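Okay, structure first, notes after.
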Amino acid sequence: MVKKLNPRLQEQLEEQPLDIQGFERPRDLLDAIDEDLAPLLDLTQRPVVSASQFTRAQLLQLARLAARYETQPQMITRPLTGKILVSAFYEPSTRTRLSFESAWHRLGGDIISITDPASTGIAKGESLYDIGEMLNHYGDLVVLRDSDEQAVYEMLESLRIPIVNGGNGTDEHPTQAMADIYTLLKWRPSICVPNYDPAQRIRIGIIGVPGRMRTIRSLLVLLSLFSEAIAEVVIVSEQKQPFAVGQHEELVAAGLTVTVTSDLSGALPELDVIYINTIAWIGDDYEELGRRYRLDSSSRLKPDAIVLHPLARGRELPRELDETAHNWYFAQARGAVFMRMALLSSIMKTFA
Amino acid sequence: MVKKLNPRLQEQLEEQPLDIQGFERPRDLLDAIDEDLAPLLDLTQRPVVSASQFTRAQLLQLARLAARYETQPQMITRPLTGKILVSAFYEPSTRTRLSFESAWHRLGGDIISITDPASTGIAKGESLYDIGEMLNHYGDLVVLRDSDEQAVYEMLESLRIPIVNGGNGTDEHPTQAMADIYTLLKWRPSICVPNYDPAQRIRIGIIGVPGRMRTIRSLLVLLSLFSEAIAEVVIVSEQKQPFAVGQHEELVAAGLTVTVTSDLSGALPELDVIYINTIAWIGDDYEELGRRYRLDSSSRLKPDAIVLHPLARGRELPRELDETAHNWYFAQARGAVFMRMALLSSIMKTFA
Amino acid sequence: MVKKLNPRLQEQLEEQPLDIQGFERPRDLLDAIDEDLAPLLDLTQRPVVSASQFTRAQLLQLARLAARYETQPQMITRPLTGKILVSAFYEPSTRTRLSFESAWHRLGGDIISITDPASTGIAKGESLYDIGEMLNHYGDLVVLRDSDEQAVYEMLESLRIPIVNGGNGTDEHPTQAMADIYTLLKWRPSICVPNYDPAQRIRIGIIGVPGRMRTIRSLLVLLSLFSEAIAEVVIVSEQKQPFAVGQHEELVAAGLTVTVTSDLSGALPELDVIYINTIAWIGDDYEELGRRYRLDSSSRLKPDAIVLHPLARGRELPRELDETAHNWYFAQARGAVFMRMALLSSIMKTFA
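Chains as they are written, first to last, in this note's numbering: chain R, 477 to 828; chain C, 477 to 828; chain V, 477 to 828.
What follows is the structure, given as structure tokens:
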């Protein structure tokens, strides 16, 4: 009926697909965690700047709430009706911005946005301090992305409404890391339970540069809250010293075993989770790191290994893995909306 | 009271104007078509890529629904409350984008949007395939405009929510054509009735290049569904061969008589409908075609001929016709919102 | 808990701050003005282009309504549900745009927007006249900012829905001036009462160029409605002749005493209100005027003098005054949303 329509489309619609979007798993996670609202109440009206602000209990309860939203969409009323999100993205973004905006709208709220630096008062030399003061009166919560690491702190000085860091330079991207953790917990809900069986401890490979990639920096901080379930984190990098000053020491102090290798092929057969990302933001621009690393159908993955990718992807992850059981990156993208809904509704105290 | 206010404004507000916005006509159309929801139900959750997807029955029922929205605005509840439109315009647009967004909001839905290619993940090399996968989780329907004809097909491969083609390169612009047909039907509701009187068959002149203008390409496809009411379609063009390969043959096979002339003045006195457009999109840029054609108050129009123009207009259609009964282009712009409301609510199955 | 968090933040949250946001004052204003809806009813469905359209009675009732919204937020229902604002900012703006959009959302309405000239039909040569005709069908009210002074008048010719001037070139910015007046009235509600005590008449200093700054142009027009409470308006400027042709004469005819000085230090000790602004818009660009004028903690301000600034600010107003009782510019920014809510709901006749 439609000209030029890809002939695979109709087939895809008809065959029973693998659950690569993760529709089925959140039910198990919901069962694995007992509800406890107290950790979430501590988030009420709080700014979220760094992954290091969160406790394990908070993450578990946020994941639980996200799983409830994912499995019981009919329970989502519109508790944020009349509340205004200020979506301030001074650095290009589609995925993070749309994910936050979708989450806010799903909860019933309205949005005002700043997407183009050229259209803002900054062109007139206005400081983020002053913009923050203004936003106190114009909105109920701010999500800020800025290529300057200090921007979120500058705005915090004048802001009396909550702010969520949507990525500040090379520093942090805490909500992406929360979505990553949510995916891990859906994949293996037993991670949530105390006294994790040491024989089941997992090896996580991270292809990337922790010292220069904000998504990985935040993820490592959150992984350290689950160190008893993690045998080892293997950083795969061409760089001998891929960490920021003090970063490795902090992770070790938090209980993680973190090693480095430049040999992806050698490491792969031992890994249960592979997180791959080759884009690092440098100010308003980006660079590709580890261009020689690549996962495809010839990679020697463990049969039940899962692949995560924050997306957007380039040539490091061709589509050939999309329709295999290794694909958990689609589930990761899907879960990001529910995890952000959980966070936003906790900050706005509208989850109950 | 207002300084510098155009003195004509007050006059205009006071005099009884011609119904050039088409406020009065949709009632007749509503009476001419019997309600039948079955053709609309076939649109539920379907992608809309090409004008060739539609049947005559679907067009009539969509026009009927549009006329109901136009004449009985009090009947419009907010059935799309909680639903999210992804408004993805990778090519500049105001009219089409605002028309879709207005239609969606009038039905109660929320919107997240991508207006600036530079602000998107495409800057990072992200494919429309991946963006489509992401949008499955972020929205409930996508409207896509892209200067690349294949973009809509690429996104369709991964999309499991409906998409509506808002213009793909020089290929198609089906919803503009639907708005054009809605205007024709309001002007002459008898076109909807079976066994159209052959003596009343109309001549439609189209100033433009069917092979290179997406609005005209889609319109011709839809006109072929009403061929028994159309004596002739006259293409007015400086080009000897204004069609794409196979296009003329397809239209003839569908029952239309399609002729070509370069002589607008000669053709005008025989035309009941004149559709004029001189802008053709070429990638991200455009070219003006047929710059020597122009309609104005000296044009030898039949007294009851109507003029259509998809707008934005240039010098080919000066304002002098705006306040004559020939002006149906304002009614066309007005109707576009209601026709898009009809389409969107059919796809979302919220018309009943 | 948060790394690098400014240590002053926690202190600020804990100490009892000065009411520099103006949370406390609107109650007094509400008490000072008797409710009278008649002046507001005259605004129903009217365009707002110039400050000169308003009567004193209208301003007072708008201020009263703004104060009601500010003091009784729980009384704000969502009367604009289903109504669509067209936010058309052809010139860069954050503060004004977000303020209007916030006001509209707080009243329950939806928004479609044009923020980037490059993304609009103007790129195709479309006139504002035609865009206005289109917007009649797409929205319920337009806010327009354009660097061309005539743009708002051109759109008015075809528009049948109300328009609000959000800044037209160097000409006017009436809603900014209304927010300024609201701030003045909150500061001294007795200005609202007839037979103002001559001994209490105030001196207002305006650092800026009335002939070239739209915010000041509009403000002076509105101040002239309160001339019996104003002893003198002192324009502080390096220019000998800072007025547009006829501007000074009009203000004098309206009852204001307006003088000019280049000596800020000399004038300061006599001023009750100091309005400072150094940015003047020139087409799409801006220039800084009066760069040598500056207010800081060493300025010889009267102890109870207040400072207003339309913001964004540059070096003319360093942060050192932010936490003093002179700071009424934060209250001014806050009040702008409520004053715009009052205006928009009056035009849409939804205030009752």
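Even for Gly, the Cβ is constructed at its ideal location relative to N, Cα and C. As the structure is a prediction and not an experimental result, all values here were calculated from the model.
Shown here, Glu714/C sits in coil according to DSSP, grouped into three states, outside any helix or strand. In terms of Cβ geometry, His785/R and Ile755/R do not form a close pair [threshold 8 Å]. Contact annotation for Ala809/C against chain V: Glu609, Met610 and His613 [CB-CB distance below 8 Å, chain order]. DSSP places Gly684/C in the coil class of the three-state scheme, outside both helix and strand. In this structure Pro665/V is buried. Its beta-carbon is surrounded by 16 or more other beta-carbon atoms within 10 angstroms. Excluding its 5 nearest sequence neighbours in each direction, Gly608/V has C-beta neighbours in its own chain below 6 Å: Met631, Ser634 and Leu635, listed in chain order. At the C-beta level, Leu617/C and Val685/C stay beyond 8 Å of one another. Between Pro718/V and Val736/V, the beta carbon gap of about 6 Å places them in contact (Cβ cut-off 8 Å). Judged by their CB atoms, Ile750/R and Ile692/R are not nearer to each other than the 8 Å cut-off. Glu577/C is positioned such that its CB atom lies closer than 8 Å to that of Ile587/C. In summary, Gln534/C is buried, with 16 or more beta-carbon neighbours lying within 10 Å of its beta-carbon over all protein chains present.
In the structure shown, the three-state DSSP call for Tyr605/C is helix.
In the displayed model, Tyr672/C falls within coil according to three-state DSSP, outside both helix and strand. The CB of Phe806/R comes closer than 7 Å to the CB of Glu609 in chain C, given here in chain order.
In this structure Leu747/R touches Val710/R by the C-beta definition: roughly 7 Å separates them, less than 8 Å. Considering only Pro779/R, Gln715/R, His613/R and Val619/R, the residue with the shortest C-alpha distance to Arg522/R is Val619/R. Here Phe499/R is exposed. Its C-beta has fewer than 16 other C-beta atoms within 10 Å.
Between the alpha carbons of Gln808/C and Met817/R lies a gap of roughly 41 Å. At a beta-carbon threshold of 8 Å, the residues of chain R lying near Asp606/C are Leu787, Ala788 and Arg789, ordered along the chain. Residue contact with chain R for Ile560/C: present (Cβ-Cβ distance below 8 Å to some residue of chain R).
Leaving aside the five residues that flank Pro555/R on each side, the residues in its chain whose CB is nearer than 7 Å to its CB run, in chain order, Leu583, Gly584, Ser821 and Thr826. Contact check for Ile637/C and Gly615/C: beta-carbon distance about 6 Å, within the 8 Å limit, so the pair qualifies. One thing to note: Tyr629/R has its Cβ no nearer than 8 Å to the Cβ of Val712/R. In this chain, the beta strand (DSSP E) harbouring Gly642/C covers Ile639 to Asn644. DSSP lists Ile683/C as the bridge partner or partners of Ile752/C. Within 8 Å of the CB of Asp518/C, no CB atom of chain R is found; the nearest one sits about 10 Å away. Listed in chain order, the non-local C-beta contacts of Arg776/V below 8 Å within the same chain comprise Ser741, Leu744 and Pro745, local neighbours out to five positions each way being set aside.
The C-beta separation of Asp622/V from Tyr566/V comes to about 5 Å, placing the pair in contact by the 8 Å criterion. For the C-beta of Glu602/C, the chain R residues within less than 9 Å are, from N- to C-terminus, Thr570, Arg571, Leu787, Ala788, Arg789 and Gly790. Contact of Asp624/V with chain C is not assigned, every C-beta pair being separated by 8 Å or more.
Counting C-beta atoms within 10 angstroms of its own C-beta, Leu517/C has fewer than 16 neighbours from the protein chains shown and is therefore classed as exposed. Beta-carbon to beta-carbon, Leu536/V and Cys668/V are separated by about 6 Å, close enough to satisfy the 8 Å threshold. Beta bridge pairing from DSSP links Ala564/R with Ile590/R and Leu620/R.
DSSP places Val813/R within a helical segment (H, G or I) once states are collapsed to three. Judged by DSSP secondary structure, Ile782/R falls within the beta strand (DSSP E) whose first and last residues are Ile782 to Leu784. Secondary structure note for Val728/C: its alpha helix (DSSP H) is the uninterrupted segment Gln723 to Ala729.
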